[in-house]
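Student: Its first residue numbered 1, the sequence shown is counted upward by one per residue in UniProt numbering.
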Amino acid sequence: MKIKKVLVSQPKPTSEKSPYYDIAEKYGVKIDFRPFIKVESLTAREFRQQKVSILDYSAIVFTSRHAIDHFFHLCTELRVTIPETMKYFCVTEAIALYIQKYVQYRKRKIFFGSTGKFDDLLPAIVKHKTEKYLVPMSDVHNDDIKNLLDKNKIQHKEVVMYRTVSNDFQPDEDFDYDMLVFFSPAGVSSLKKNFPNFEQKDIKIGTFGTTTAQAVRDAGLRLDLEAPSLQAPSMTAALDMFIRENNKEK
């Protein structure tokens, strides 16, 4: 079956130069963007149940823009004023620059890594070993950061400030696709929640990342495209190759 309509479970690209648009034009395929999941803040009441006082900490570790948004949202909800002396440690410069949305960049002490990996940020944290670190996290996370900070004897506390929930489909929403592309296990869970009687049949499913691929298998679905690979390091490269092969004249 030729692929004519693809649903990508990501927000619509902000740039018109996205490779997705090139694929759509090259193969005459319609590509829609529709997140299956969304991120929301905990309520002030839910946060208080963790018995954490933000002002007990002198430094914040940010691993994503989501973490920044929900940290400052909760501070507003809790009527907590962040002192000028607060330090911020971010895994990338892009995340560090995003803090400007909430505070004046030059007046703050902001540190960031260069690779996006937490290990790369660690030396800056170790240099400021006397700080007490607060790490805002999602409800779904692993212990990698905790283990690294523990290993380096850094005073810290992980705190859940936001969660990933299903971005439910409305009854009148179109769901007539030849292919679905997922980027997280939560997206696969959302598919099952929204369409409990979903039958895959000829619908192709593609994933990015090993955990998402496993989530598809665990859901009893057929995985047709798994990225990244040596031949296709990105989802768009993998999708380009896959559509080209599937849409060949037979």
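Positions of the beta carbon are idealized from the N, C-alpha and C atoms, including for glycine.
#1: Give the C-beta separation of residue 5 and residue 38 to the nearest angstrom, bearing in mind that I take them to be a contact with Cβ-Cβ under 8 Å.
#2: Closer than 8 Å is the cut-off here; do at least three beta carbon pairs connect the segment 204–212 with the segment 225–235?
#3: May I ask you to report which of helix, strand or coil DSSP gives residue 3?
#4: If the criterion is Cβ atoms closer than 9 Å, does the pair residue 72 and residue 91 meet it?
#5: Based on Cα-Cα distance, which residue from 162, 169, 125 lies nearest to residue 187?
#6: Alpha carbon to alpha carbon, what distance is there between residue 141 and residue 44?
#7: I think residue 149 touches residue 36, with their Cβ atoms under 8 Å apart; what is that distance to the nearest whole Å?
#8: Starting from residue 161 and walking both ways along the beta strand (DSSP E), at which residues does that stretch end?
#9: From the DSSP output, in three-state form, read off residue 177 for me.
#10: So the beta strand (DSSP E) residue 188 belongs to, where does it begin and stop?
#11: Look at the alpha carbon of residue 83 and the alpha carbon of residue 146, and state the distance between them as a whole number of angstroms.
#12: Could you pull out every unbroken beta strand (DSSP E) segment of at least 3 residues lying fully inside the segment 83–158, listed in chain order?
#13: Kindly identify the DSSP beta-bridge partner or partners of residue 204.
#14: Let's test the definition: count the other Cβ atoms within 10 Å of the Cβ of residue 195 and tell me whether it reaches 16, buried, or not, exposed.
#15: Per DSSP, what kind of secondary structure is residue 218 in: helix, strand or coil?
#16: Restricting to Cα atoms, I'd like to know which of 104, 110, 89 is closest to residue 119.
#17: Is it a yes or a no for the segment 46–57 touching the segment 129–140, going by three-plus beta-carbon pairs under 8 Å?
#18: Can you pull the DSSP bridge partners for residue 41?
#19: Of the residues 161, 123, 175, 220, which one's Cα is nearest the Cα of residue 151?
#20: Looking at the unbroken beta strand (DSSP E) that takes in residue 25, where does it start and where does it end?
#21: Do you know offhand how far residue 157's Cα is from residue 59's?
#22: Could you tell me the alpha carbon to alpha carbon distance between residue 32 and residue 114, rounded to whole angstroms?
#23: Which term fits residue 221, buried or exposed, when burial requires 16 or more other beta carbons within 10 angstroms of its beta carbon?
#24: What are the boundary residues of the beta strand (DSSP E) that includes residue 33?
#25: Please tell me whether residue 19 and residue 172 are closer than 9 Å, where the distance is taken between their beta carbons.
Tutor: By the coordinates alone:
#1: Contact flag wrong, Cβ pair sits at about 23 Å.
#2: yes
#3: coil
#4: no
#5: 169
#6: 20 Å
#7: Actually they do not touch by this definition, with Cβ atoms about 32 Å apart.
#8: 156–166
#9: coil
#10: Run containing residue 188: none in the beta strand (DSSP E); it sits in the alpha helix (DSSP H), 185–194.
#11: 25 Å
#12: 87–90, 109–112, 133–138
#13: 179
#14: exposed
#15: helix
#16: 89
#17: yes
#18: 162
#19: 123
#20: Unbroken run through residue 25 is the alpha helix (DSSP H), 19–27; no beta strand (DSSP E).
#21: 11 Å
#22: 33 Å
#23: buried
#24: 30–33
#25: no
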